[in-house]
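> These protein sequences, in sequence, are chains G and B.
Under numbering that gives the first Met the number 0, think of the first position of the first sequence as 0, with each following residue one higher.
Under numbering that gives the first Met the number 0, think of the first position of the second sequence as 0, with each following residue one higher.
2 protein chains.
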Amino acid sequence: MAKLEGKVLVAQGGGPTAVINQSVAGVILESRKFGQVTRVYGALHGVNGIINENMVDLTEATTSSIETVAVTPSSGLLSTRDKPDEAYCKNIFEVCKAHGIRYFFYCGGNDSADTCRIVNQQAMDNSYELRVIHVPKTIDNDLKVTDHCPGYGSAAKFVAQAFAGANLDNRAIPGVYIGVVMGRHAGFLTAAAALGRKYPDDGPHLIYLPERAITKEKFVGDVKHAFEQYGRCVIAVSEGIVDDKGEAIASQFTGGEKDSHGNVQLSGTGALGDLLASWVKETKLTKRVRADTLGYLQRSFLGCVSETDQVEARAVGEKAAHYAIRHDLDGSVAIKRVADYVVSYYLTPLETVARYSTEMPDAFINEAGNGVTEDFLKYARPLAGVLPAWQRFDAPTVEKVMNK
Amino acid sequence: MAKLEGKVLVAQGGGPTAVINQSVAGVILESRKFGQVTRVYGALHGVNGIINENMVDLTEATTSSIETVAVTPSSGLLSTRDKPDEAYCKNIFEVCKAHGIRYFFYCGGNDSADTCRIVNQQAMDNSYELRVIHVPKTIDNDLKVTDHCPGYGSAAKFVAQAFAGANLDNRAIPGVYIGVVMGRHAGFLTAAAALGRKYPDDGPHLIYLPERAITKEKFVGDVKHAFEQYGRCVIAVSEGIVDDKGEAIASQFTGGEKDSHGNVQLSGTGALGDLLASWVKETKLTKRVRADTLGYLQRSFLGCVSETDQVEARAVGEKAAHYAIRHDLDGSVAIKRVADYVVSYYLTPLETVARYSTEMPDAFINEAGNGVTEDFLKYARPLAGVLPAWQRFDAPTVEKVMNK
Numbered sequence: 000m001a002k003l004e005g006k007v008l009v010a011q012g013g014g015p016t017a018v019i020n021q022s023v024a025g026v027i028l029e030s031r032k033f034g035q036v037t038r039v040y041g042a043l044h045g046v047n048g049i050i051n052e053n054m055v056d057l058t059e060a061t062t063s064s065i066e067t068v069a070v071t072p073s074s075g076l077l078s079t080r081d082k083p084d085e086a087y088c089k090n091i092f093e094v095c096k097a098h099g100i101r102y103f104f105y106c107g108g109n110d111s112a113d114t115c116r117i118v119n120q121q122a123m124d125n126s127y128e129l130r131v132i133h134v135p136k137t138i139d140n141d142l143k144v145t146d147h148c149p150g151y152g153s154a155a156k157f158v159a160q161a162f163a164g165a166n167l168d169n170r171a172i173p174g175v176y177i178g179v180v181m182g183r184h185a186g187f188l189t190a191a192a193a194l195g196r197k198y199p200d201d202g203p204h205l206i207y208l209p210e211r212a213i214t215k216e217k218f219v220g221d222v223k224h225a226f227e228q229y230g231r232c233v234i235a236v237s238e239g240i241v242d243d244k245g246e247a248i249a250s251q252f253t254g255g256e257k258d259s260h261g262n263v264q265l266s267g268t269g270a271l272g273d274l275l276a277s278w279v280k281e282t283k284l285t286k287r288v289r290a291d292t293l294g295y296l297q298r299s300f301l302g303c304v305s306e307t308d309q310v311e312a313r314a315v316g317e318k319a320a321h322y323a324i325r326h327d328l329d330g331s332v333a334i335k336r337v338a339d340y341v342v343s344y345y346l347t348p349l350e351t352v353a354r355y356s357t358e359m360p361d362a363f364i365n366e367a368g369n370g371v372t373e374d375f376l377k378y379a380r381p382l383a384g385v386l387p388a389w390q391r392f393d394a395p396t397v398e399k400v401m402n403k
Numbered sequence: 000m001a002k003l004e005g006k007v008l009v010a011q012g013g014g015p016t017a018v019i020n021q022s023v024a025g026v027i028l029e030s031r032k033f034g035q036v037t038r039v040y041g042a043l044h045g046v047n048g049i050i051n052e053n054m055v056d057l058t059e060a061t062t063s064s065i066e067t068v069a070v071t072p073s074s075g076l077l078s079t080r081d082k083p084d085e086a087y088c089k090n091i092f093e094v095c096k097a098h099g100i101r102y103f104f105y106c107g108g109n110d111s112a113d114t115c116r117i118v119n120q121q122a123m124d125n126s127y128e129l130r131v132i133h134v135p136k137t138i139d140n141d142l143k144v145t146d147h148c149p150g151y152g153s154a155a156k157f158v159a160q161a162f163a164g165a166n167l168d169n170r171a172i173p174g175v176y177i178g179v180v181m182g183r184h185a186g187f188l189t190a191a192a193a194l195g196r197k198y199p200d201d202g203p204h205l206i207y208l209p210e211r212a213i214t215k216e217k218f219v220g221d222v223k224h225a226f227e228q229y230g231r232c233v234i235a236v237s238e239g240i241v242d243d244k245g246e247a248i249a250s251q252f253t254g255g256e257k258d259s260h261g262n263v264q265l266s267g268t269g270a271l272g273d274l275l276a277s278w279v280k281e282t283k284l285t286k287r288v289r290a291d292t293l294g295y296l297q298r299s300f301l302g303c304v305s306e307t308d309q310v311e312a313r314a315v316g317e318k319a320a321h322y323a324i325r326h327d328l329d330g331s332v333a334i335k336r337v338a339d340y341v342v343s344y345y346l347t348p349l350e351t352v353a354r355y356s357t358e359m360p361d362a363f364i365n366e367a368g369n370g371v372t373e374d375f376l377k378y379a380r381p382l383a384g385v386l387p388a389w390q391r392f393d394a395p396t397v398e399k400v401m402n403k
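1. Could you confirm whether any beta carbon from chain B is found closer than 8 angstroms to the beta carbon of residue 93 of chain G?
2. Looking at the unbroken beta strand (DSSP E) that takes in residue 148 of chain G, where does it start and where does it end?
3. Compare the C-beta of residue 51 of chain G against all C-beta atoms of chain B and say whether one is closer than 8 angstroms.
4. Just by C-beta distance, which residues in the stretch 300–327 of chain B are closer than 8 angstroms to chain G?
5. For residue 198 of chain G, which option in G/208, G/170, G/184 has the closest C-alpha, if you only look at C-alpha atoms?
6. Between the C-alpha atoms of residue 89 of chain G and residue 136 of chain G, what's the straight-line distance to the nearest angstrom?
7. For residue 399 of chain G, which residues in chain B fall below 9 angstroms Cβ to Cβ?
8. Applying the criterion that 16 or more other CB atoms from any shown protein chain within 10 Å of the CB defines a buried residue, is residue 331 of chain B buried or exposed?
9. Going by Cα to Cα distance, which pick from G/63, G/14, G/62, G/48 is closest to residue 72 of chain G?
10. Would residue 237 of chain B pass as an interface residue toward chain G - the criterion being a Cβ-Cβ separation below 8 angstroms?
11. Using C-beta distances below 8 angstroms, list every residue in its chain close to residue 160 of chain G, excluding the 5 sequence neighbours before and after it, in chain order.
12. For my contact list, residue 200 of chain G and residue 229 of chain G are in at a C-beta cut-off of 8 angstroms; report their separation, rounded to the angstrom.
13. If I follow the unbroken alpha helix (DSSP H) through residue 299 of chain B, where does it start and stop?
14. Inspect the CB distances between the stretch 104–121 of chain G and the stretch 0–11 of chain G and report whether three or more fall short of 8 angstroms.
15. Below 8 angstroms on C-beta distance, what does residue 402 of chain G contact in chain B?
16. If we ignore side chains and look at the alpha-carbon of each, how far apart do residue 115 of chain B and residue 84 of chain B end up?
17. Just the chain B side, please: which residues come within less than 8 angstroms of residue 165 of chain G by C-beta, in chain order?
18. With 16 as the cutoff for other CB atoms within 10 Å, does residue 270 of chain G come out buried or exposed?
19. Any beta-carbon of chain B closer than 8 angstroms to the one on residue 376 of chain G?
20. Quick one, which residues of the stretch 97–108 of chain G are near chain B if we go by CB-CB under 7 angstroms, in chain order?
21. DSSP on residue 268 of chain G, reduced to helix/strand/coil?
22. Would you identify the three-state DSSP class for residue 133 of chain G, choosing helix, strand or coil?
23. Which stretch, first to last residue, makes up the alpha helix (DSSP H) that contains residue 100 of chain G?
24. Figure out for me which residue from B/82, B/54, B/2, B/20 has the closest Cα to the Cα of residue 74 of chain B.
25. Residues in the same chain with beta-carbon distance under 7 angstroms from residue 380 of chain G, minus the five sequence neighbours each way, listed in chain order, please.
26. In whole angstroms, what separates the C-alpha of residue 277 of chain G from that of residue 147 of chain G?
27. Check whether the stretch 364–375 of chain B touches the stretch 41–60 of chain G, counting contact only when three or more Cβ pairs, one atom from each stretch, lie closer than 8 angstroms.
28. Using the beta-carbon of each residue, which ones in chain B are nearer than 9 angstroms to residue 59 of chain G?
29. Let's see if you can read the secondary structure: which residues bound the alpha helix (DSSP H) around residue 30 of chain G?
30. What in chain B is Cβ-close to residue 73 of chain G, meaning under 8 angstroms?
31. List, in order along the chain, the chain G residues whose C-beta lies closer than 9 angstroms to that of residue 274 of chain B?
32. Once DSSP output is grouped into helix, strand and coil, what is the label at residue 303 of chain G?
33. Judging by CA-CA distance, which residue of B/311, B/5, B/54, B/223 is the nearest neighbour of residue 35 of chain B?
34. Our contact map puts residue 162 of chain B next to residue 178 of chain B with C-beta atoms below 8 angstroms; I'd like the distance itself, whole angstroms only.
35. Considering only the alpha carbon of each residue, which of B/121, B/156, B/202 lies closest to residue 173 of chain B?
36. Since residue 40 of chain B meets chain G, which of its residues come closer than 7 angstroms, beta carbon to beta carbon?
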């Protein structure tokens with residue numbers, strides 16, 4: 000088989016992650032090693048940059064500067080919320096053809112995988128040789144097929160460190176603390192709050208996931224019970240929690256604003272946390288009720304990266320280059336867990352990842368629907384990696400003299 | 000002068016910081032080196048633990064375990080919001096006397112300094128030798144006399160890293176982003192968002208501090224102007240911003256809940272951010288308007304510490320032990336900036352720090368009242384220390400083929 004000579008095009012779509020630039024760096028640096036690659040282009044603002052020919056020539060970027068972008072959070076090539084339909088994808092294909100692009104790498108979630116699938120089909124229909132690889136990323140960890148998704152581990156580490164700290168804060172000045180975590184349909188990221196626990200009475204004491212409906216009655220009952228037990232309560236709540244009709248509780252606050260994917264806005268407001276805080280305040284359990292919404296820091300905070308995640312994000316980008324350029328294949332790069340903890344990479348057909356997403360398996364959620372299982376912790380711990388050290392004072396109690 | 004033999008008592012008051020345990024570790028470990036110190040006690044939950052004789056014997060804590068607590072955020076000896084009056088302080092004094100405490104170290108803000116002042120006075124009035132040292136801490140950086148306050152640098156670093164990331168996120172998917180930062184009357188922490196800027200068009204593009212009143216009209220006008228210039232807008236807002244009547248805008252959302260210091264609750268709700276977002280949405284500038292409230296992560300996130308702050312927090316604790324035990328002095332430990340960047344420590348009378356707080360000097364705020372000056376950046380940079388590396392892609396634009 001003759002080597003397919005031509006240009007590489009790489010782009011990033013959807014919400015950023017802390018390590019998405021590692022994947023792009025992997026694609027760029029590995030692609031540049033192949034003789035049949037004439038140029039490496041990057042589209043700005045994802046597919047939107049392709050159809051508008053808004054591209055930069057990354058062949059000219061120095062390796063050292065790419066390495067610094069690699070450790071930078073958020074999409075270095077900028078991103079888009081555009082969700083291409085057939086006509087849009089036709090434009091993508093036409094631009095690829097016009098520029099002599101032979102290898103297209105798109106780093107994103109399930110919608111980006113679907114774009115890859117359509118563009119790949121159109122190239123085939125037009126007998127144009129175009130290798131298309133979907134490079135997975137999402138903080139939600141909701142992609143199908145793969146064991147887990149690059150971007151999740153670092154976001155999970157951020158959430159774990161946030162709740163480890165919030166728990167220490169809540170222990171110092173007791174009350175009820177609610178932390179709202181990103182995640183539309185999948186609770187993986189919210190569940191990661193449990194990785195911040197160490198001592199038996201550490202919070203989060205309650206964890207609410209989109210996979211289990213909650214009612215005000217159940218929530219308030221759980222909080223009362225935990226407060227009786229611990230004299231305080233730390234709660235992790237997904238922004239995507241639903242009521243018993245399956246409606247996202249947060250959607251009532253955001254005026255039904257929808258993105259181009261038809262998803263109602265959930266993030267970027269503190270209203271859900273404030274509603275839950277008002278439920279707790281009604282109980283008069285404590286005067287001190289606080290709600291934080293962790294917000295965009297979860298995916299773009301500078302300086303909180305899981306080492307595992309960083310390495311794997313780079314690897315899926317490098318593997319993508321190899322699959323397309325060396326092996327002449329299309330598909331989505333997936334991760335298999337082969338030992339505790341070792342992974343291998345493989346290619347799965349685009350249609351197996353496109354469009355649909357996954358949720359937390361039942362085995363990861365406790366029976367009461369307000370916490371996670373040991374199975375989940377075992378799954379998530381190596382992904383978030385090692386947290387910074389923390390400890391309580393260990394000293395004997397002083398005998399009372401006055402208030403005996 | 001005979002050496003004053005007796006016990007040491009150390010406690011922590013008010014909101015935690017990321018490095019408050021460094022100060023306590025400094026007091027404990029340095030105190031234990033003096034022969035006249037018979038025991039080192041720690042009161043749990045601050046002054047509340049003293050009057051209830053809820054104390055632990057830190058003489059028994061291993062040095063290595065204390066070192067791990069030192070790097071743990073939030074108050075390892077737990078904290079309190081109690082603000083002692085004369086009668087309360089009388090109880091503190093009586094417990095100190097009953098236990099043979101001769102050295103009392105209280106780590107906190109201006110209210111804790113006031114507690115130190117009153118207890119010190121009562122000991123003198125009762126002819127009981129009791130050295131009292133206030134060890135400064137606050138993320139707000141609003142203590143009088145000292146150049147800056149331990150705890151601020153690490154919180155400033157967190158805020159800078161949060162806004163550096165939020166800016167990268169906002170650049171990838173443009174819109175208006177509002178981040179609400181802690182700080183009741185002093186804007187130092189909100190101003191630290193500016194340390195997250197690198198490129199000329201980086202956000203935060205607007206910074207609102209409690210020292211300058213804002214109106215809806217001015218705010219909206221500023222945002223429109225910035226959006227026209229950058230095609231996006233990142234805004235840092237203090238939770239303590241006031242309207243033109245001097246009222247905290249956030250106070251309308253928190254039901255007027257007051258702590259025992261008479262302060263209205265400002266934190267722990269997303270309502271201020273949501274109000275400001277609604278103002279921006281009315282302009283129809285962009286559909287994408289998001290508000291995050293950084294919340295308790297600012298003071299207790301696990302794993303974000305300024306190296307400078309860590310060293311200085313330890314030093315003020317160690318210095319406190321020396322002033323009291325070696326030099327037989329009372330007072331509040333203060334920091335002087337002697338070079339760029341070198342500090343020295345000194346003792347200032349308790350009454351110079353007690354009760355009153357400071358605000359940002361005019362020289363740190365720009366004329367328009369929506370940003371900070373180069374003077375502020377020069378002041379704050381060494382305190383927050385070095386941020387993690389980040390960078391944009393540097394590559395030439397690809398020439399258009401289709402849309403020429």
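By construction, the Cβ of each residue, glycine as well, lies at the ideal position given by its N, Cα and C atoms.
The relevant details are as follows:
1. Taking the first sequence and counting its residues from 1, the one referred to as residue 93 of chain G is at position 94. The beta carbon of residue 93 of chain G falls within 8 angstroms of a beta carbon belonging to chain B, placing the residue at that interface.
2. Taking the first residue of the first sequence as 1, we reach residue 148 of chain G at position 149. Premise fails: residue 148 of chain G is in no beta strand (DSSP E) and is neither H nor E.
3. One-based indexing of the first sequence puts residue 51 of chain G at position 52. Chain B, which has a Cβ nearer than 8 angstroms to the Cβ of residue 51 of chain G, makes this yes.
4. Under the 8 angstroms Cβ criterion, the stretch 300–327 of chain B contributes 300, 301, 302, 303.
5. As a first step, residue 198 of chain G must be located in the first sequence, where it is residue number 199. Ranking the options by Cα distance to residue 198 of chain G, first place goes to G/170.
6. As a first step, residue 89 of chain G is located in the first sequence; it is residue number 90 there, counting from the start. As a first step, residue 136 of chain G is located in the first sequence; it is residue number 137 there, counting from the start. Rounded to whole angstroms, residue 89 of chain G to residue 136 of chain G spans 24 angstroms at the Cα level.
7. One-based indexing of the first sequence puts residue 399 of chain G at position 400. Contact annotation for residue 399 of chain G against chain B: 51, 52, 53, 54 [CB-CB distance below 9 angstroms, chain order].
8. Position 332 of the second sequence, counting from 1, holds the residue named residue 331 of chain B. Within a 10 Å sphere around the beta-carbon of residue 331 of chain B sit 16 or more other beta-carbons, which makes this residue buried.
9. One-based indexing of the first sequence puts residue 72 of chain G at position 73. It is G/14.
10. Residue mapping note: residue 237 of chain B aligns to position 238 of the second sequence, counting from 1. False, the Cβ-Cβ gap to chain G never drops below 8 angstroms.
11. Taking the first sequence and counting its residues from 1, one reaches residue 160 of chain G at position 161. Excluding the 5 residues flanking it on each side, residue 160 of chain G has same chain C-beta neighbours closer than 8 angstroms at 195, 303, 386, 387, in chain order.
12. Along the first sequence, one-based indexing puts residue 200 of chain G at 201. Along the first sequence, one-based indexing puts residue 229 of chain G at 230. A Cβ-Cβ separation of about 6 angstroms places residue 200 of chain G in contact with residue 229 of chain G under the 8 angstroms criterion.
13. As a position in the second sequence, residue 299 of chain B is number 300, starting the count at 1. Per DSSP, the continuous alpha helix (DSSP H) segment holding residue 299 of chain B begins and ends at 296–299.
14. Flag = yes, the stretch 104–121 of chain G and the stretch 0–11 of chain G touch.
15. Position 403 of the first sequence, counted from the first residue, corresponds to residue 402 of chain G. 51, 52, listed in chain order.
16. Looking up residue 115 of chain B in the second sequence gives position 116. Looking up residue 84 of chain B in the second sequence gives position 85. Cα-Cα distance, rounded: 11 angstroms.
17. By one-based count along the first sequence, residue 165 of chain G stands at place 166. Within 8 angstroms Cβ-Cβ: 295, 296, 299.
18. Within the first sequence, residue 270 of chain G is the residue found at index 271, counting from 1. Buried, because 16 or more other Cβ atoms sit within 10 Å of the Cβ of residue 270 of chain G.
19. Counted from its first residue, the first sequence places residue 376 of chain G at position 377. At a cut-off of 8 angstroms between beta carbons, residue 376 of chain G makes no contact with chain B.
20. With the criterion set as a beta carbon lying under 7 angstroms from some beta carbon of chain B, the members of the stretch 97–108 of chain G are 97, 98, in sequence order.
21. The sequence position of residue 268 of chain G within the first sequence is 269, counting from 1. Correct three-state label for residue 268 of chain G: coil.
22. Taking the first sequence and counting its residues from 1, one reaches residue 133 of chain G at position 134. When secondary structure is reduced to three states using DSSP, residue 133 of chain G falls in the strand class.
23. Position 101 of the first sequence holds residue 100 of chain G. Element bounds for residue 100 of chain G: not the alpha helix (DSSP H) but the beta strand (DSSP E), 100–107.
24. One-based indexing of the second sequence puts residue 74 of chain B at position 75. Cα-wise, what sits closest to residue 74 of chain B is B/20.
25. For the purposes of this step, residue 380 of chain G is identified with residue 381 of the first sequence, where counting begins at 1. Cβ neighbours of residue 380 of chain G beyond the five flanking positions: 194.
26. For this step, residue 277 of chain G is matched to residue 278 along the first sequence. For this step, residue 147 of chain G is matched to residue 148 along the first sequence. Straight-line Cα distance between these residues: approximately 36 angstroms.
27. The stretch 364–375 of chain B makes no contact with the stretch 41–60 of chain G: fewer than 3 CB pairs, one atom from each, lie closer than 8 angstroms.
28. Residue mapping note: residue 59 of chain G aligns to position 60 of the first sequence, counting from 1. Correct list: 393, 394, 395.
29. As a first step, residue 30 of chain G is located in the first sequence; it is residue number 31 there, counting from the start. Here the alpha helix (DSSP H) through residue 30 of chain G covers 19–30.
30. Within the first sequence, residue 73 of chain G is the residue found at index 74, counting from 1. Those within 8 angstroms of residue 73 of chain G in chain B are 164, 167, 168, 170, 171.
31. Within the second sequence, residue 274 of chain B is the residue found at index 275, counting from 1. Chain G residues near residue 274 of chain B: none, gap ~10 angstroms exceeds 9 angstroms.
32. Locating residue 303 of chain G in the first sequence gives position 304, counting from the first residue. Reduced to three states, the DSSP call for residue 303 of chain G is coil.
33. One-based indexing of the second sequence puts residue 35 of chain B at position 36. Considering only alpha carbons, the answer is B/5.
34. Along the second sequence, one-based indexing puts residue 162 of chain B at 163. Along the second sequence, one-based indexing puts residue 178 of chain B at 179. With a Cβ gap of about 6 angstroms, residue 162 of chain B and residue 178 of chain B count as contacting.
35. To locate residue 173 of chain B, count along the second sequence from 1; it is residue 174. Nearest of B/121, B/156, B/202 to residue 173 of chain B, Cα basis: B/202.
36. For the purposes of this step, residue 40 of chain B is taken as residue 41 along the second sequence, with counting starting at 1. In chain order: 397.
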